[in-house]
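Student: Residues 46 to 154 in my numbering are what the sequence shown lists, from first letter to last.
Glycine included, every Cβ here is placed at the ideal spot set by N, Cα and C.
What you are looking at is a predicted structure, and each value in this text was computed from that prediction instead of being measured.
My questions will all concern the structure given below.
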Amino acid sequence: MPEFVLRYKRGCAAQADQIALAVQAEAAKAFGMEVVFETKVLGKNSGLSTFCVTGWVTDNEDKLQQKVVFAQAEILATMQKLAYQDQSVECWWQRVKGKWGGAEGLLTR
Numbered sequence: 046m047p048e049f050v051l052r053y054k055r056g057c058a059a060q061a062d063q064i065a066l067a068v069q070a071e072a073a074k075a076f077g078m079e080v081v082f083e084t085k086v087l088g089k090n091s092g093l094s095t096f097c098v099t100g101w102v103t104d105n106e107d108k109l110q111q112k113v114v115f116a117q118a119e120i121l122a123t124m125q126k127l128a129y130q131d132q133s134v135e136c137w138w139q140r141v142k143g144k145w146g147g148a149e150g151l152l153t154r
């Protein structure tokens, strides 16, 4: 792999870590809890955003709807500040009902 491509990949990975730390701080303010993020380096991303944050929150009683909307706006604004002009960002949050992992496995009777 050419050196300039490696430098670009390393730079993007460092930038992704910086964005993850900033997003973690915003999410902690919004939800009042520590949020853990995993940074993944994607392969070819033709047509996709340069940086994408996807989050899931358990919300069985629809209590977090306003917090999720607020957090999504704040996180997206933070990501836009940290990204360069030619980079695109996106932020998705999903409110999940039920138990985590409740849909895993097979049902046997």
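1. How would you label Phe49, buried or exposed, when you count the other beta carbons within 10 angstroms and need 16 or more for buried?
2. Going by DSSP, which residues form a beta bridge with Arg140?
3. What does a CB cutoff of less than 8 angstroms around Asp104 pick up in its chain, not counting 5 residues either side in sequence?
4. Identify the continuous alpha helix (DSSP H) that holds Gly56 and give its terminal residues.
5. Look up Asp113 in the DSSP assignment and give the residues it is bridged to.
6. Indicate whether Val134 and Ser94 have their beta-carbon atoms separated by less than 8 angstroms.
7. Going by C-alpha distance, which of Ile120, Phe96, Glu106 and Pro47 is nearest Gln130?
8. State buried or exposed for Met46, treating a residue as buried only when at least 16 other CB atoms are found within 10 Å of its CB.
Tutor: This is what the structure holds:
1. Within the sequence shown, numbered from 1, the residue matching residue 49 stands at position 4. Exposed: under 16 other Cβ atoms inside 10 Å.
2. On the sequence shown, position 95 is the one that residue 140 refers to. Val102.
3. Here residue 104 is taken as the residue at index 59 of the sequence shown, counted from 1. Taken in chain order, the residues that qualify are Gln110, Val113, Arg140, Val141 and Lys142.
4. Along the sequence shown, read from residue 1 onward, the residue named residue 56 stands at position 11. That run of the alpha helix (DSSP H) goes Glu48 to Phe76.
5. Numbered from 1 along the sequence shown, position 68 holds the residue referred to as residue 113. Here the sequence assigns Val to residue 113, which means Asp is not the residue at that position. Note: Val113 sits in no beta bridge, so no partner.
6. Taking the first residue of the sequence shown as position 1, residue 134 is located at position 89. Taking the first residue of the sequence shown as position 1, residue 94 is located at position 49. In contact: Val134 and Ser94 (Cβ atoms closer than 8 angstroms).
7. Looking up residue 130 in the sequence shown gives position 85. Minimum Cα distance to Gln130 is reached at Phe96.
8. One-based indexing of the sequence shown puts residue 46 at position 1. With fewer than 16 other Cβ atoms within 10 Å, it is exposed.
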